[in-house]
Each structure stands twice: as structure tokens, then as C-alpha cells.
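Its first residue numbered 175, the sequence shown is counted upward by one per residue in my numbering. Quick reminder that beta carbons are idealized off the backbone N, C-alpha and C, glycines included. Only a predicted model underlies this, so the values are computations on that prediction, with no experimental measurement involved.
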Amino acid sequence: MSEIRKVTQLLKRFRGLAHDRRGSIAIIFGLTLIPMATLAGVAVDYANVSRLNDRLKAAADAAVLSAVRDYASTSNLSMAQKKGTDVFNSGLKKTAALQDATINFKDTSSGANVSLTATYSGTVKTWFGGFIRVDKVPLSGSANASYAKPRYKTFYFVINASESMGIAATQADIDKLKALTPGSCALACHVPESGATKSNQQIARENNVTLRLDVIKTTIKDILTQVAADPVSSAYFKFVIYPFAYYRGALGGPSSDFSALKSQVDAIDLSHTQNPEGFTDHKKALQNLADTIGVGGDGSTAAKAQNFIFLMTDGVEDVANADKRADTPYSFGPINVGYMDYTDCDYVRTKTQGTVGVVYTTYIPLPDSATYNATVGQFASSIKPALQQCAAANYYYEGTDGDQIATAMKTMFSQAAASVRLTQ
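So this is what it looks like as C-alpha cells:
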């Protein structure tokens with residue numbers, strides 16, 4: 175009986191061991207520890223490879239964008255390739271795990287576009303991939319960018335520099351000038367008022383009052399600075415500075431000497447010549463400009479540059495009575511005051527095959543002035559429609575204060591320059 179009891183007890187112990195899973199957990203965990211660690215390591219490697227692939231792609235994108243801009247401005251593929259490669263390598267600094275990174279460029283230009291395609295490659299050294307016999311992961315891809323083929327363009331900034339452009343630019347400037355002038359005037363006329371020793375213009379200059387003409391000058395210089403900083407625009411754009419009152423004329427021929435152009439802009443001031451033929455004559459100024467420019471082209475070569483004529487004016491003119499139009503019978507002594515004739519712009523368009531843009535610096539009503547009421551007040555509502563008809567479609571802008579005028583000018587220029595914007 176005792177032997178049977180011993181066997182029974184032994185069987186019970188084996189049976190209990192069979193149902194005890196503590197031992198099997200340890201065994202299974204031990205058997206799976208290595209592959210689990212390998213999988214975790216591979217996941218880390220995968221995340222690292224993905225990150226470096228994004229870094230490689232971003233570097234290639236930046237490189238091809240830089241290269242195509244350079245190629246568009248120089249037409250030198252080897253120089254563009256070198257610049258693109260430098261940008262590519264610079265974008266991959268401090269990426270030791272990424273090895274053997276290379277990039278090559280190919281000219282894929284067609285039609286009206288300058289295009290480059292970049293192919294790139296590299297390898298990523300893995301940390302845990304050796305467990306599955308993958309020491310390195312190869313990466314490769316391509317990126318392309320195109321530039322709308324640049325067009326040669328000449329921009330003519332036609333600037334009304336007559337006395338009416340001497341209105342203070344902002345409300346703060348208006349209030350300041352009115353407080354400083356004997357007649358509480360917000361217009362910086364260059365002729366001293368009766369009994370005064372200084373003109374309003376002198377007072378404005380001595381007290382740092384910003385005038386509308388100053389805003390126009392500053393904005394033109396901002397545009398020139400912007401273009402000078404762009405290798406493509408600076409290679410394809412030229413500018414002419416053309417101030418006028420009665421008539422003054424261009425300060426130089428088409429130029430991309432941005433320092434000289436800025437000096438020309440700085441030299442502009444309100445007209446200092448009282449001329450019996452009139453103070454502001456859009457017709458004489460625009461016709462002379464059109465006759466000087468000649469016919470523009472399609473922009474395919476420098477000799478066939480597209481013409482853009484940008485007029486900044488308040489739209490009011492005063493001309494000799496002999497030149498007055500039947501619809502502006504408002505005389506002030508020997509001078510006839512009226513609004514600009516939009517057909518003057520038609521003459522420019524026909525003669526130059528150019529685009530005429532207008533920034534209307536809103537003529538500020540002066541209802542307390544008897545002179546204003548007898549002249550400009552009679553046709554004030556006709557100024558804007560005439561300037562709108564003067565401008566080409568989508569090239570009419572308006573600004574009342576300094577900020578609005580500056581924004582209008584920059585927007586108009588950006589619209590004309592849009593064909594040299596980069597597209598990826």
C-alpha cells in the first residue's frame with residue numbers, strides 16, 4: 175500500500191508541474207528576447223532612416239531651386255551645378271549617419287521654362303540592422319524645379335513732382351505741417367505765403383514732415399533694392415526715372431545701375447519752376463516719353479524689352495489756356511486747371527506697345543478753399559474715372575495716405591514682375 179501511495183503522490187507532483195505556468199513564461203521570454211530586441215532596434219533604425227531621407231530630400235529641393243535660379247540668370251550649367259551642389263552639401267552638415275551623399279543636375283528645359291532635374295543618393299548606416307544582415311540602407315530620389323523663362327523688361331517710373339504732390343503723407347504729418355505753417359496749410363508749396371520768410375516746403379523739410387512725393391521716392395528705392403538683391407530680376411530688368419511737372423524728362427536712359435538710379439530718385443523734389451505754359455502737363459510729359467521710348471517687344475532679348483510705364487499722379491493738371499480742353503474750362507489766371515485726359519495714355523500704349531499702370535494718389539478735397547471750389551472742386555468726381563481709363567486692365571491702384579500709396583506701388587510692380595517668379 176505504501177508503494178502505491180508513493181506513486182500516487184509522484185503523479186500528483188508531475189500533474190501540478192504541468193499546470194504551473196511560471197516556468198514556461200521564463201522559458202518563452204528567454205527564447206523571444208533576442209528577436210524582440212532586434213525588432214525594437216530595427217524600429218529605431220527605420221525612424222532614423224526616415225528622418226535622414228527627409229533631410230536628404232529637403233537638401234536636394236533647396237539645391238535644385240538654387241541651381242535653377244542661377245542657371246536662369248547666367249545660362250551657365252556648370253556654375254549652376256556647383257552652386258546647387260554647395261547648397262546640397264551645406265544642408266547635410268552634421269549628419270554623420272548619412273554617407274556617400276551625392277547629387278547631379280540635368281537640364282530639362284523646354285518651351286518657355288528653364289528647368290533642372292536633380293537626382294540624388296546616399297546611404298544610412300544602421301545601428302541594429304546587422305542582426306538581420308542589413309548594415310546600410312540606400313536612399314535615392316529626384317527633385318526638379320523650373321523658372322518661367324525670364325523676359326527683359328524696362329520700367330519707366332513717371333512721377334508727378336508738381337506742388338500738389340507736396341501734400342503731407344499721413345494724418346500725423348498733415349497735423350504737424352498745419353501747426354507749423356502760417357496759414358495752417360497741409361500742402362508744402364515752394365512759394366512763401368504773403369508776409370512769410372519761408373515756404374511751406376522749407377518748413378516741411380526743416381521739421382522732417384513726410385510728403386507724398388517722399389513716399390513715392392522711398393518706395394521706388396525699396397523696389398530697386400529688392401530687384402538688386404535678386405540675380406534674375408537684376409539681370410533682366412532696367413529702370414528709367416522720369417519726374418515731371420510742366421515737363422522735365424528722364425534723368426537717364428534705361429539702367430540697372432541701382433546705385434545711380436537711387437541717386438536720381440534722391441534728386442527729385444517738388445517743381446521749382448513757375449512756367450507760363452503750366453505747372454503740370456501730363457500730355458507733354460507722356461508724349462515726350464512715348465516718343466523717346468519707341469516700340470517695345472516681347473522681352474525675348476534685351477533689344478526687345480517689354481515696356482512698363484508706371485504713372486504716379488493725383489490726376490490734376492494745369493496747362494496753358496491755349497492748351498485747355500473744352501471739358502475743363504476752369505482757369506486760374508493764365509493757367510487752365512483740369513483732370514488728366516486718358517487719351518494721353520492711349521498715345522503711350524500705341525507708340526510703345528507697352529503696359530500703362532497708374533497709382534492714383536487721391537486728390538484731397540479742400541472745401542474751405544475758394545480756389546479749389548472754383549477749379550478742382552468742379553471736376554473732382556471725374557479724376558478717378560479718367561485715370562482708370564488711362565490704366566491697362568488690372569493696372570490701376572489708388573492710395574490716399576503714405577502706407578496705401580507705398581502698398582499700391584509695390585503691388586503694381588510685383589504684378590508686372592510676376593513672370594520671373596520661381597515655381598517648383
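- Taking C-beta atoms under 8 Å as the contact rule, Met-586 and Phe-484 qualify, at a distance of about 6 Å.
- With distances taken between CA atoms, Leu-463 lies nearest to Thr-526 out of Asp-228, Thr-526 and Gln-563.
- DSSP places Ala-494 in no alpha helix (DSSP H) but in the uninterrupted beta strand (DSSP E) bounded by 490-494.
- Bounds of the beta strand (DSSP E) holding Glu-572 are 570-573.
- At the C-beta level, Leu-387 and Ile-442 come within 9 Å of one another.
- DSSP, reduced to helix, strand and coil, places Leu-313 within a strand of the structure shown.
- 9 Å or more divides the Cβ of Thr-536 from the Cβ of Glu-491.
- Here Thr-291 is near Thr-282, since their CB atoms are less than 9 Å apart.
- A Cβ-Cβ separation of about 3 Å places Gly-473 in contact with Arg-325 under the 8 Å criterion.
- Each of Ala-592, Ser-407, Ala-565 and Val-532 was checked against the Cα of Ile-579, and the nearest Cα belongs to Val-532.
- Look at Leu-266 here: in three-state DSSP terms it is coil, with no helix or strand label.
- A contact between stretches requires three or more CB pairs, one per stretch, nearer than 8 Å, and the stretch 319-335 meets this requirement with the stretch 399-412.
- The shortest C-alpha to C-alpha distance from Lys-257 to any of Lys-267, Lys-268, Leu-266 and Tyr-245 is the one to Tyr-245.
- In the displayed model, Thr-291 falls within a strand according to three-state DSSP.
- In this structure, DSSP gives Thr-399 a helical state, which the three-state scheme calls helix.
- When the alpha-carbon of Met-486 is set against those of Glu-337, Tyr-570, Gln-461 and Tyr-534, the nearest one is in Tyr-534.
- Shown here for Val-223: same chain residues with a beta carbon closer than 8 Å to its own, the five before and five after excluded, namely Val-298, Thr-300, Val-311 and Leu-313 in chain order.
- In terms of Cβ geometry, Ala-560 and Gly-489 form a close pair [threshold 9 Å].
- Nearest C-alpha to Leu-354 among Ile-377, Gly-427 and Ala-554: Ile-377.
- The continuous beta strand (DSSP E) containing Gln-273 extends over residues 272-281.
- In the same chain as Ala-402, and ignoring 5 residues on each side of it, the C-beta atoms closer than 7 Å to its own belong to Ser-408 and Phe-432, in chain order.
- Fewer than three beta-carbon pairs drawn from the stretch 466-480 and the stretch 503-517 are found closer than 8 Å, and the two stretches are therefore not classed as touching.
- Take Ala-233, set aside five residues on each side of it, and the residues of its chain with a beta-carbon closer than 7 Å to its own are Phe-262, Gly-265 and Leu-266, in chain order.
- The Cβ atoms of Asn-318 and Val-238 lie closer than 9 Å to each other.
- Following the DSSP letters along the chain, one finds Thr-581 inside the alpha helix (DSSP H) bounded by residues 576-591.
- Judged by DSSP in its simplified three-state form, Ser-284 adopts strand.
- DSSP, read as helix, strand or coil, puts Tyr-326 in coil.
- In this structure, Asp-518 places its C-beta atom within 9 Å of the C-beta atom of Leu-460.
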